[in-house]
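Chemist: Which chain is which? The protein sequence lines are A and B, in order. Here my numbering = 1-based position in the first sequence + 1. Here my numbering = 1-based position in the second sequence + 13. Please read through the structure below; I'll follow up with questions.
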Amino acid sequence: MNAREVVLGRVRRALADVPAEETPERVAVERTYLDSHQPADAVALLAENLADYRAVVHRASGAALPGLVAELLAGRGAASVVVPAGLPAGWLAAVPPRVRRVADEEAVTARELDAVDSVVTGCAVAIAETGTLVLDGGPDQGRRRITLVPDHHVCVVRVPEQVVDSVPQGLRRLDPGRPLTWISGPSATSDIELNRVEGVHGPRRLDVVLLGSQS
Amino acid sequence: MVRRDGLPDRARRGGGAVSGGTYLGMPAFPVAAESATRNERLRANLTHATHTIRDKRARAVAELPDWQRLRAAGAAIKDRTLRHLDTYLERLEAAVTAAGGQVHWAADAEAANRIVTELVLATGEREVVKVKSMATQEIELNAALERAGVRAFETDLAELIVQLGDDLPSHILVPAIHRNRREIRDIFAERMGAWGRPAPEGLSDEPADLAEAARLHLRQKFLDAKVGISGANFMVAETGTMVVVESEGNGRMCLTLPETLISVVGIEKVVPTWRDLEVFLQLLPRSSTAERMNPYTSMWTGTTDGDGPSTFHLVLVDNGRTDTLADEVGRQALRCIRCSACLNVCPVYERAGGHAYGSAYPGPIGAILTPQLRGVDSALDASLPYASSLCGACYEVCPVAIDIPEVLVRLRERVVEGGEVTVRGRRVRIRPARGHAAERAAMRAAAWAFDHPGAMVAGQRLAGRMRRFQPRRLPGPGRAWSATRDVPPLPAESFRAWWRRTRGDDGEGD
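So, in structure tokens, the structure goes:
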């Protein structure tokens with residue numbers, strides 16, 4: 002008997018008390034919890050919760066976005082930036098040519114990425130109640146590692162259309178078949194006497210730009 | 014010189030310079046607890062830490078008016094899963110395989126370690142990076158890998174502190190909770206060089222500087238790593254999706270940079286559907302780190318072309334879980350999502366620390382999980398169900414409503430009276446308190462709790478609100494008496510509380 006049969010056999014013997022006619026669906030799960038906690042202004046709550054976890058939040062209209070992105074990269078002294086294949090061309094239009102663009106390609110090694118200063122991406126969805134950005138590897142987000150290895154991440158959220166209230170609403174918008182990264186503030190640890198320290202292995206600086214029709 | 018605290022030297026065994034400690038051969042709870050409670054620095058660290066997280070958790074939970082409904086749903090989803098675990102494991106296996114992953118099954122720790130070791134050796138690599146994982150602590154994977162000539166690098170900051178200090182974790186969420194900043198600085202300064210990039214010259218004991226030292230030390234490992242090993246917080250049967258929640262980004266590094274990823278996961282970590290995550294992703298972060306959401310959560314389904322590991326192995330581990338499942342009362346322990354909220358409210362944990370529990374699972378959850386996973390054969394495991402004052406605070410904070418006092422009483426009964434249990438899949442009858450050694454150990458644990466008035470008072474204060482957990486029947490010697498009688502109901506207020514309220518502060522117990 003192989004290990005699979007051993008384990009499944011043990012599970013079935015352990016559940017001898019479960020009536021044969023009981024199907025999984027007959028074990029009641031009452032979903033009386035809230036689908037949303039009904040924030041009055043989801044975008045404002047997203048901004049508040051992101052800031053609470055030490056992300057730096059900015060608002061911009063479409064016209065102001067390129068200038069803001071250039072300013073954020075310059076503020077970090079970035080000499081290079083990773084660019085996902087499908088990032089709207091205009092987003093980096095005001096970044097001077099001396100800032101080296103690194104394409105998100107499979108051939109780029111982790112060590113090469115480690116030498117890059119910043120990354121600019123979009124996102125798949127943002128969750129207001131928890132202050133969470135979710136990336137799903139879409140064309141304006143790229144491979145998972147590009148938002149991990151560089152020390153500075155600029156993430157653009159289209160508001161209000163990409164913002165949902167709650168975790169249940171967020172999950173419904175996501176495709177489980179894609180690799181997903183949920184980000185709630187920059188990397189952090191509380192392992193030393195429970196003092197929160199921002200920035201261990203992921204980007205130590207997270208700038209979030211809420212891109213709307215008005216700024 | 015780095016000092017190791019909280020555990021008598023005779024309790025430590027084996028664990029060479031690079032293998033870390035082992036839980037084998039540890040003394041029964043009262044012996045270890047007695048040593049730990051005499052260590053004042055350890056107690057001060059623990060008190061500060063547990064109270065800090067406890068208060069933060071209460072605030073995070075209070076933000077959600079539907080918390081109790083989420084909690085009930087979490088418990089119900091886990092019960093549905095456990096009552097039909099075979100169905101969901103088969104669904105999970107099919108979904109993971111369809112998404113390009115390879116599924117392996119391990120009946121016990123030895124089999125799991127063998128499978129992982131063979132998978133690593135087959136890659137030709139001799140170094141692996143690890144994400145913090147309770148399952149691999151439980152099976153002592155690092156020691157098994159070391160015997161095969163494979164070095165496993167722990168990458169969670171606290172696990173790194175534990176590994177470099179040749180120490181054992183003492184808390185589920187913050188495994189180095191027993192270390193203060195000064196000790197951590199010394200460990201980094203003395204030991205990092207032996208494992209890789211040394212700590213910077215003149216390292217201070219500021220948490221930010223210590224975190225930076227860890228970042229620099231581990232970055233080299235991440236960039237070169239070819240094999241990553243993780244656990245998982247959840248596995249979705251419907252889609253084959255694996256979920257890892259973390260804070261530091263070391264998890265993302267290990268899950269996305271290596272070519273081969275091996276996830277070692279207990280069979281009870283499966284949940285039926287994608288939608289079910291909406292409950293657990295609200296319950297877990299608030300209960301665990303007391304955050305609305307933890308900084309990073311990774312979800313992956315099999316492999317993705319051109320993004321992340323090209324090879325994914327899932328090792329499903331039993332190692333006593335099916336034995337636990339066989340007990341209708343005890344099986345609720347398998348709902349556990351490893352949040353550690355029960356540790357932070359436990360008056361016994363606060364004083365004894367995590368090491369005294371002698372397994373990867375300390376605190377109240379450890380007191381019911383360890384004896385069920387391993388049996389109550391050893392004096393240590395027989396004493397664990399007594400490492401509690403049954404105050405019920407653990408049940409109140411548990412996000413999946415595990416009635417820990419109920420299971421403790423059940424296990425005490427088993428220790429004292431023996432009876433039918435399942436061990437490695439077979440029904441066997443265990444004898445009561447073998448040679449009285451186990452019983453003596455157990456009684457000493459109870460005596461220990463009663464000898465520590467601080468622990469008792471803290472426990473009783475909570476107990477006043479939790480009186481409904483009083484067992485209907487008494488365990489142990491009292492059972493014959495209570496078999497045909499109801500235990501008299503406890504008054505809503507304890508005598509001590511009544512005395513204090515009506516006669517003023519008696520100046521005791523605080």
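Built from N, CA and C at the ideal position, the CB exists for glycine as well.
I think S185 (chain A) touches T122 (chain A), with their Cβ atoms under 8 Å apart; what is that distance to the nearest whole Å?
Modeler: Contact flag wrong, Cβ pair sits at about 16 Å.
Chemist: Whole-angstrom Cβ separation of V210 (chain A) and V155 (chain A), contact assumed at under 8 Å?
Modeler: Indeed, because the Cβ distance is near 7 Å, the residues count as touching under 8 Å.
Chemist: Check whether the Cβ atoms of S166 (chain A) and A129 (chain A) lie closer than 7 Å to each other.
Modeler: Strictly speaking, residue 166 (chain A) in this sequence is Asp, with Ser absent from that position. The answer is yes: Cβ separation under 7 Å.
Chemist: Going by beta-carbon coordinates alone, are A266 (chain B) and H59 (chain A) separated by less than 7 Å?
Modeler: For clarity, residue 266 (chain B) is Met in the given sequence; the question names Ala instead. In this structure, H59 (chain A) does not lie closer than 7 Å to M266 (chain B) by Cβ.
Chemist: Quick one: measure Cβ to Cβ for A108 (chain B) and E291 (chain B), integer angstroms, because I've assumed they're closer than 8 Å.
Modeler: Actually they do not touch by this definition, with Cβ atoms about 19 Å apart.
Chemist: Where does G376 (chain B) fall in DSSP's three states?
Modeler: The answer is helix: DSSP assigns G376 (chain B) an H, G or I state.
Chemist: Excluding the 5 residues flanking T269 (chain B) on each side, which residues of the same chain have their C-beta closer than 6 Å to its C-beta?
Modeler: Here the set comprises G321.
Chemist: Where are the beta strand (DSSP E) runs, 3 residues long or more, that stay fully inside the stretch 63–149 of chain A, in chain order?
Modeler: Runs found: 81–84, 101–104, 119–122, 126–128 and 133–136.
Chemist: The stretch 317–331 of chain B: which residues have C-beta closer than 8 Å to a C-beta of chain A, in chain order?
Modeler: Under the 8 Å Cβ criterion, the stretch 317–331 of chain B contributes T317, G319, D320, G321, L329 and D331.
Chemist: With V330 (chain B) and A125 (chain B) assumed to form a contact (beta carbons below 8 Å), what rounded beta-carbon distance in angstroms separates them?
Modeler: Confirmed, about 5 Å.
Chemist: At 7 Å on the CB atoms, spell out the chain B contacts of G78 (chain A), in chain order.
Modeler: Within chain B, no residue comes near G78 (chain A); the closest Cβ sits about 18 Å away, beyond 7 Å.
Chemist: Could you work out which residues of chain A lie near A221 (chain B), taking near to mean beta carbons separated by less than 8 Å?
Modeler: V198, listed in chain order.
Chemist: Sorted by chain position, which residues of the same chain lie with C-beta nearer than 6 Å to A127 (chain A)'s C-beta, five sequence neighbours on each side aside?
Modeler: Around A127 (chain A): L47, L134, V158, Q163 and V164.
Chemist: Can you name the residues that DSSP bridges to W118 (chain B)?
Modeler: For W118 (chain B), which the question treats as bridged, DSSP gives the partners B:L329.
Chemist: Using a Cβ cut-off of 7 Å (strictly closer), state whether I147 (chain A) contacts chain B.
Modeler: Chain B contact via Cβ: absent.
Chemist: With DSSP as the reference, label R51 (chain B) as helix, strand or coil.
Modeler: Coil, per DSSP.
Chemist: For A52 (chain A), which residues of its own chain have a beta-carbon under 6 Å away from its beta-carbon, when the five flanking residues on both sides are left out?
Modeler: The residues are V58.
Chemist: Which residues in the same chain have their Cβ closer than 8 Å to the Cβ of Q170 (chain A), if we skip the five residues on either side of it in sequence?
Modeler: The residues are D36, S37 and I128.
Chemist: From the DSSP output, in three-state form, read off D340 (chain B) for me.
Modeler: Residue state, collapsed to three classes: coil.
Chemist: Nearest CA to the CA of F247 (chain B): which residue from B:V258, B:G241 and B:A406?
Modeler: Closest by alpha carbon: B:V258.
Chemist: Checking contacts by CB at 7 Å: is T122 (chain A) closer than that to chain B?
Modeler: For T122 (chain A), the answer is no, since every Cβ of chain B falls outside 7 Å of its Cβ.
Chemist: What residue range is occupied by the uninterrupted alpha helix (DSSP H) comprising L95 (chain B)?
Modeler: Element bounds for L95 (chain B): W80 to R96.
Chemist: Would you mind working out which of B:V413, B:G405, B:H368 and B:V410 sits nearest A393 (chain B), comparing C-alpha positions?
Modeler: One point to set straight first is that residue 393 (chain B) is Leu, not Ala, in the sequence displayed. Looking at the Cα atoms, B:H368 is the closest of the given residues.
Chemist: Check whether the Cβ of W92 (chain A) lies closer than 7 Å to any Cβ atom in chain B.
Modeler: Closer than 7 Å: no.
Chemist: Would a C-beta distance cut-off of 7 Å place R305 (chain B) and T110 (chain A) closer than the cut-off?
Modeler: No, the Cβ-Cβ distance between R305 (chain B) and T110 (chain A) is not below 7 Å.
Chemist: So, is the C-beta of H230 (chain B) closer than 7 Å to a C-beta in chain A?
Modeler: With 7 Å as the cut-off, H230 (chain B) does not count as an interface residue toward chain A.
Chemist: Do P377 (chain B) and G87 (chain B) have their C-beta atoms closer together than 7 Å?
Modeler: No, they are not a contact pair.
Chemist: Is the beta carbon of P187 (chain A) sitting closer than 7 Å to the one on R173 (chain A)?
Modeler: Not a contact, by the Cβ cut-off of 7 Å.
Chemist: Quick check on V422 (chain B): does DSSP put it in helix, strand or coil?
Modeler: Note: V422 (chain B) maps to helix in three-state DSSP.
Chemist: Can you tell me the Cα-Cα spacing of G200 (chain A) and A189 (chain A), whole angstroms?
Modeler: Answer to the nearest angstrom: the Cα atoms are 5 Å apart.
Chemist: Measuring only between beta-carbons, confirm whether E227 (chain A) sits less than 7 Å from chain B.
Modeler: Given that chain A is displayed from residue 2 to residue 216, the structure contains no residue 227 (chain A) and the question cannot be resolved.
Chemist: Helix, strand or coil: how does DSSP classify Y309 (chain B) here?
Modeler: Residue state, collapsed to three classes: strand.
Chemist: Quick one, are the C-beta atoms of L55 (chain B) and G366 (chain B) less than 7 Å apart?
Modeler: Against a cut-off of 7 Å, the Cβ pair of G366 (chain B) and L55 (chain B) comes out as a contact.
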